[in-house]
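Trainee:
Protein chains: 2
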Amino acid sequence: MARRPTVYDVAERAGVSIATVSFAFAQPERVRKKTLDTVLAAAAALGYVPNVSARGLAKGRTGAIGLYSFSYLLDDGERDELRARAADDARLFPLYSDLVQRGVELECRRRGLALMLGSGTVPDDLPAVVDVAGRVDGLIAFAGAAPAEALARIARRIPVVELGGETTAAGTRTVLVDHRSGMRRLVEHLLREHGHRRFTYVGEESVTAEFAERFGGYSDALTAAGLAVDPPLPSAPAKEATTRAALAPVLARGHLPDVLVCATDQEALVVLNVLRDAGIDVPGQVAVTGFDGIIATRLSSPPLTTVQQPMEAIGRTAVRLLLEEETGEVGPLPTEPVIRASCGCLSSN
Amino acid sequence: MARRPTVYDVAERAGVSIATVSFAFAQPERVRKKTLDTVLAAAAALGYVPNVSARGLAKGRTGAIGLYSFSYLLDDGERDELRARAADDARLFPLYSDLVQRGVELECRRRGLALMLGSGTVPDDLPAVVDVAGRVDGLIAFAGAAPAEALARIARRIPVVELGGETTAAGTRTVLVDHRSGMRRLVEHLLREHGHRRFTYVGEESVTAEFAERFGGYSDALTAAGLAVDPPLPSAPAKEATTRAALAPVLARGHLPDVLVCATDQEALVVLNVLRDAGIDVPGQVAVTGFDGIIATRLSSPPLTTVQQPMEAIGRTAVRLLLEEETGEVGPLPTEPVIRASCGCLSSN
DNA sequence: GGCCGAAATCTAAGCGCTTAGATTTGGGTG
DNA sequence: CACCCAAATCTAAGCGCTTAGATTTCGGCC
Chain X
766 MARRPTVYDV
776 AERAGVSIAT
786 VSFAFAQPER
796 VRKKTLDTVL
806 AAAAALGYVP
816 NVSARGLAKG
826 RTGAIGLYSF
836 SYLLDDGERD
846 ELRARAADDA
856 RLFPLYSDLV
866 QRGVELECRR
876 RGLALMLGSG
886 TVPDDLPAVV
896 DVAGRVDGLI
906 AFAGAAPAEA
916 LARIARRIPV
926 VELGGETTAA
936 GTRTVLVDHR
946 SGMRRLVEHL
956 LREHGHRRFT
966 YVGEESVTAE
976 FAERFGGYSD
986 ALTAAGLAVD
996 PPLPSAPAKE
1006 ATTRAALAPV
1016 LARGHLPDVL
1026 VCATDQEALV
1036 VLNVLRDAGI
1046 DVPGQVAVTG
1056 FDGIIATRLS
1066 SPPLTTVQQP
1076 MEAIGRTAVR
1086 LLLEEETGEV
1096 GPLPTEPVIR
1106 ASCGCLSSN
Chain P
766 MARRPTVYDV
776 AERAGVSIAT
786 VSFAFAQPER
796 VRKKTLDTVL
806 AAAAALGYVP
816 NVSARGLAKG
826 RTGAIGLYSF
836 SYLLDDGERD
846 ELRARAADDA
856 RLFPLYSDLV
866 QRGVELECRR
876 RGLALMLGSG
886 TVPDDLPAVV
896 DVAGRVDGLI
906 AFAGAAPAEA
916 LARIARRIPV
926 VELGGETTAA
936 GTRTVLVDHR
946 SGMRRLVEHL
956 LREHGHRRFT
966 YVGEESVTAE
976 FAERFGGYSD
986 ALTAAGLAVD
996 PPLPSAPAKE
1006 ATTRAALAPV
1016 LARGHLPDVL
1026 VCATDQEALV
1036 VLNVLRDAGI
1046 DVPGQVAVTG
1056 FDGIIATRLS
1066 SPPLTTVQQP
1076 MEAIGRTAVR
1086 LLLEEETGEV
1096 GPLPTEPVIR
1106 ASCGCLSSN
């Protein structure tokens, strides 16, 4: 690879100073039209590609923002197994994070911002998130993706937005989403339209603020109906074995609840599979609901009743927060129950 | 925003040279454990975040790769209209490009590479693609996203992979995919299993190499069956009005072909809508097929018969080509007909 | 303590661009 | 031609990091 042409080469060829070359690219309104044409022609003839690292260093800004996530795909063995189930693509992609990312991408696109994607595959991967932060003017991080200590450090230098409805690190901001009332309304639908009385919750209830809100909304509705609230069955998204293990005692006791309310669509889809494998009819013997509104909920059998999160709007809002166009609290962005067949309704899908 | 701490601050606090600080982060095996701990502690205390622009400039490499695409969402008016149809999300996302991007993302993730996304929204947007190229060590570009002149310039400096089965610019490489035989096999299915004889092709046949291959495979099968090949109806993905206009004469003449073979799923989904609006039953009165295998083909009514592209594998392969782990020709990656209800088969979906 | 060799650390130069303030240029006016 | 003013261009300094080769340190041996 030959040495790349620099502003010095372009300047010499165009017969101007390197400052004029720089202005021609960065502030063309400060350069006379005739000079500008000469410079651009010289640059084209030389195949000049500005070195954005140099520009970023000199200018103190890069013009890019970062999005950092954490991948549950930890090793090749696990991924090979998932690939073997490629027929179930829609259960793996797009998920909540993919849809939020899309919102981020679309907003960046609209603004001509470059977007740097990075991720950690090891818990508490401080170097990975710091590496992304060193490349961008602002950072959006998914909940739980990066250690709070790292985010706090980064937030002292550039704006940071945490996705997940809470700020775990000093100096960061977050996008609020109304999980609580979305879940409450879903449970109210189950109570009122289907007359369900025996509820079981599947999923985390306190790991993040948003999971706590979901369980809170569930509890609110049951409490208001004078029903007791049982502790949830332990389960986690993307951990199918955990969800299966959590359901085993329910199946073993041969006495089903009216409905299994799941904390996420991913868990609900696993639950549907477990029930089908056990020969249990949904919603005939037990209803099942999810939360998030991913596309796979429309492909499942039966189509899954869920709560729709405004993922694209979350992504877009995060970008706006990052650029500090929004001051103060933003949101909560609303969620909306989506009624399909898995709760017992005859849905047109 | 206070001046950020640099290697000079860390060095002073740790009592070492800036070179030792640099080695501690970039080549820790060259630093004694005791010194390393001292440096990292000083960095943490100061909230030091390395400036990757500086590193990239000094080192001549950034450790990131770029993915460049072109967006058909050209103005706010158009996007507002699309947003109003949010219920049809799966028709907008994920598309072919989203799935290929996912393959790129997954491969980058696996390798600890940062991925820079950039896009142009104006045709022939040379500054936009050059900006991304100035930030990365290698660039992947979607077919038609960037002017060939820009790609040629960039390819003189860093490796460039063009998606789309052809190299439009000197010095670039491409991922080959077997569109031709996938489409041929689909048409053979229609001929043999359904006895169709009157075929109409909807879509571009020569704009890119891959579109030419699709039409070529279609033509191969018809020619081998002794049938004439009519010119395609002019249509383009993401240009719904064009597809609708192309179909108007077919509908007006009140004499349908046996089957409408579409160049892409996106076009096929528009065709399904047009036919439904006209009260025409698919596949009862006319069969419809697509190409790509996006998720929306499973949600359509009826589910769409199509040819599955290995989008994730395309993305992954592109990264490997870019890193020059693959020399010589790679592929073609295989495509595979996916038979559903829209051709007339009773599919389990 | 001195010597030796390897490991660890340091010095010096420079990567390519930006931009404040200095200098030059160009056009208009008398 | 001289003067003035605004626009255009240039000079000089420096952004924060990397690393080749020079220098120092450390540990082992006699």
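Note that the protein sequences, when read in sequence, are chains X and P.
Per the numbering used here, residue 766 is the first one in the first sequence, and the count goes up by one each step.
Per the numbering used here, residue 766 is the first one in the second sequence, and the count goes up by one each step.
In this text, a Cβ means the ideal position worked out from N, Cα and C, and glycines have one as well.
Every value quoted in this text rests on a predicted model; they were computed, and no experiment measured them.
Mind pulling the chain X residues with CB within less than 8 angstroms of I919(P)?
Mentor: Here residue 919(P) corresponds to residue number 154 of the second sequence, with the count starting at 1. Going along chain X in sequence order, the residues near I919(P) (Cβ under 8 angstroms) are V814.
Trainee: Assign T988(X) to buried or exposed, taking buried as 16 or more other Cβ atoms, counted over all protein chains shown, within 10 Å of its Cβ.
Mentor: On the first sequence, position 223 is the one that residue 988(X) refers to. It counts as exposed.
Trainee: Tell me the rounded alpha-carbon separation between A776(X) and R820(X).
Mentor: For the purposes of this step, residue 776(X) is identified with residue 11 of the first sequence, where counting begins at 1. For the purposes of this step, residue 820(X) is identified with residue 55 of the first sequence, where counting begins at 1. Their backbone Cα atoms lie some 17 angstroms apart in a straight line.
Trainee: Determine the DSSP secondary structure at R778(X), reduced to helix, strand or coil.
Mentor: Reading the first sequence from its first residue, position 13 is the one you call residue 778(X). Correct three-state label for R778(X): helix.
Trainee: Taking DSSP as the reference, what is the three-state secondary structure of C1027(P)?
Mentor: As a position in the second sequence, residue 1027(P) is number 262, starting the count at 1. Here C1027(P) sits in strand by DSSP.
Trainee: Are the CB atoms of A1052(X) and G1109(X) nearer to each other than 9 angstroms?
Mentor: In the first sequence, residue 1052(X) corresponds to position 287, counting from 1. In the first sequence, residue 1109(X) corresponds to position 344, counting from 1. Yes, the pair counts as a contact, with Cβ atoms nearer than the cut-off.
Trainee: Got a sec: is the Cβ-Cβ distance from F976(X) to anything in chain P below 9 angstroms?
Mentor: Numbered from 1 along the first sequence, position 211 holds the residue referred to as residue 976(X). No, its Cβ sits nowhere closer than 9 angstroms to a Cβ of chain P.
Trainee: Relative to the C-alpha of V1047(P), which residue among P1068(P), T933(P), T803(P), I1060(P) is closest?
Mentor: Locating residue 1047(P) in the second sequence gives position 282, counting from the first residue. Selected option, being the one with the closest Cα: P1068(P).
Trainee: Count the other C-beta atoms from every protein chain shown that fall within 10 angstroms of the C-beta of H961(P), then say buried if there are 16 or more, exposed otherwise.
Mentor: To locate residue 961(P), count along the second sequence from 1; it is residue 196. Buried, because 16 or more other Cβ atoms sit within 10 Å of the Cβ of H961(P).
Trainee: How big is the Cα-Cα spacing for T1189(X) and R778(X)?
Mentor: The question about residue 1189(X) has no answer here: the residues shown for chain X are numbered 766 through 1114.
Trainee: First and last residue of the alpha helix (DSSP H) that includes P1014(X)?
Mentor: Taking the first sequence and counting its residues from 1, the one referred to as residue 1014(X) is at position 249. Unbroken alpha helix (DSSP H) run through P1014(X): 1005-1017.
Trainee: Chain X beta carbons: is any one of them nearer than 9 angstroms to that of L838(P)?
Mentor: Against the second sequence, residue 838(P) aligns to sequence position 73. At L838(P) the pLDDT is 48, less than 50, meaning the model places this residue with poor confidence and gives no usable figure here.
Trainee: With distances taken Cα to Cα, identify the nearest neighbour of L904(P) among R1085(P), P1097(P), L1111(P).
Mentor: Start at 1 with the first residue of the second sequence, and residue 904(P) comes out as number 139. Selected option, being the one with the closest Cα: R1085(P).
Trainee: Return no unless some Cβ of chain X is closer than 9 angstroms to the Cβ of D896(P).
Mentor: Here residue 896(P) refers to the residue found at position 131 of the second sequence. D896(P) counts as touching chain X.
Trainee: Any Cβ of chain P within less than 9 angstroms of the Cβ of D1057(X)?
Mentor: Locating residue 1057(X) in the first sequence gives position 292, where the first residue counts as 1. No - not a single Cβ of chain P is within 9 angstroms of the one on D1057(X).
Trainee: Measure the alpha-carbon distance for P815(X) versus A915(P) and round it to whole angstroms.
Mentor: Sequence index remark: in the first sequence, residue 815(X) carries index 50 (1-based). Sequence index remark: in the second sequence, residue 915(P) carries index 150 (1-based). In a straight line, the C-alpha of P815(X) is about 13 angstroms away from that of A915(P).
Trainee: Anything in chain P within Cβ reach of S1065(X), meaning under 8 angstroms, just list it in chain order.
Mentor: As a working mapping, residue 1065(X) is identified with position 300 in the first sequence. Here the premise fails: no neighbours, minimum Cβ distance about 11 angstroms.
Trainee: With a threshold of 9 angstroms between beta carbons, is A829(P) in contact with chain X?
Mentor: Taking the first residue of the second sequence as 1, we reach residue 829(P) at position 64. Taking Cβ atoms only, chain X reaches closer than 9 angstroms to A829(P), which makes this a yes.
Trainee: Are the C-beta atoms of G842(P) and some chain X residue less than 9 angstroms apart?
Mentor: Taking the second sequence and counting its residues from 1, the one referred to as residue 842(P) is at position 77. Reliability fails at G842(P), whose pLDDT of 47 lies under 50, so the model's placement of it is uncertain and the value that follows must be treated cautiously. Answer no: the Cβ-Cβ gap between G842(P) and chain X never drops below 9 angstroms.
Trainee: For a quick check, are the C-beta atoms of T771(P) and Y813(P) less than 9 angstroms apart?
Mentor: If you number the second sequence from 1, residue 771(P) lands on position 6. If you number the second sequence from 1, residue 813(P) lands on position 48. Closer than 9 angstroms, so yes.
Trainee: Which of the three DSSP states is assigned to V804(X) in this structure?
Mentor: By 1-based counting over the first sequence, the position of residue 804(X) is 39. Residue state, collapsed to three classes: helix.
Trainee: May I ask you to report which of helix, strand or coil DSSP gives E1077(X)?
Mentor: Residue numbering aside, residue 1077(X) sits at position 312 when the first sequence is read from its first letter. Helix.
Trainee: Going by C-alpha distance, which of G1055(P), P1099(P), R874(P), L891(P) is nearest A809(X)?
Mentor: Within the first sequence, the letter at position 44 stands for residue 809(X). It is L891(P).
Trainee: Determine the chain P residues that contact M881(X) at a beta-carbon separation under 9 angstroms, and present them in chain order.
Mentor: Taking the first residue of the first sequence as position 1, residue 881(X) is located at position 116. The contacting residues are A829, A879, L880, M881, L882, R900.
Trainee: Are the C-beta of A784(P) and some C-beta of chain X separated by less than 9 angstroms?
Mentor: For the purposes of this step, residue 784(P) is taken as residue 19 along the second sequence, with counting starting at 1. No - not a single Cβ of chain X is within 9 angstroms of the one on A784(P).
Trainee: In or out: L870(X) buried (at least 16 other Cβ within 10 Å) or exposed?
Mentor: As a first step, residue 870(X) must be located in the first sequence, where it is residue number 105. Contrary to the premise, residue 870(X) reads as Glu rather than Leu in this sequence. Burial call: buried.
Trainee: Applying the criterion that 16 or more other CB atoms from any shown protein chain within 10 Å of the CB defines a buried residue, is L1111(X) buried or exposed?
Mentor: If you number the first sequence from 1, residue 1111(X) lands on position 346. So L1111(X) counts as exposed.
Trainee: What's the call for V817(P), buried or exposed, on a 16-neighbour Cβ count within 10 Å?
Mentor: As a position in the second sequence, residue 817(P) is number 52, starting the count at 1. The residue in question, V817(P), is buried, as its Cβ has 16 or more Cβ neighbours within 10 Å.
Trainee: Can you name the start and end residues of the alpha helix (DSSP H) that V925(X) belongs to?
Mentor: Locating residue 925(X) in the first sequence gives position 160, where the first residue counts as 1. Looking at the DSSP string, V925(X) is not in any alpha helix (DSSP H); the run it does join, the beta strand (DSSP E), is 925-927.
Trainee: Could you give the distance in angstroms between the alpha-carbon of A1006(P) and the alpha-carbon of R1063(X)?
Mentor: Position 241 of the second sequence holds residue 1006(P). Position 298 of the first sequence holds residue 1063(X). Approximately 27 angstroms between the Cα atoms of the pair.
Trainee: Within its chain, find whatever has a CB closer than 7 angstroms to the CB of F835(X); leave out the 5 residues flanking it on each side and keep chain order.
Mentor: Against the first sequence, residue 835(X) aligns to sequence position 70. Contacts found: S884, G885, F907, G909, A910.
Trainee: Which residues, in chain order, does the segment 1028-1052 of chain X contribute to contact with chain P at a C-beta distance below 8 angstroms?
Mentor: Going along the segment 1028-1052 of chain X in chain order, one finds no residue with a Cβ nearer than 8 angstroms to chain P.
Trainee: Buried or exposed, going by whether 16 or more other CB atoms sit within 10 Å of the CB of H1020(X)?
Mentor: By 1-based counting over the first sequence, the position of residue 1020(X) is 255. Answer is exposed; the Cβ neighbour count stays below 16.
Trainee: Does any residue of chain P bring its CB to less than 9 angstroms from the CB of T886(X)?
Mentor: For this step, residue 886(X) is matched to residue 121 along the first sequence. At least one chain P Cβ lies under 9 angstroms of T886(X).
Trainee: Based on the DSSP secondary-structure assignment, which residues constitute the bridge partners of S834(P)?
Mentor: If you number the second sequence from 1, residue 834(P) lands on position 69. The partner list for S834(P) (beta bridge, DSSP) reads S884(P).
Trainee: By the three-class DSSP mapping on this structure, what secondary structure does R856(X) have?
Mentor: For the purposes of this step, residue 856(X) is taken as residue 91 along the first sequence, with counting starting at 1. Here R856(X) sits in helix by DSSP.
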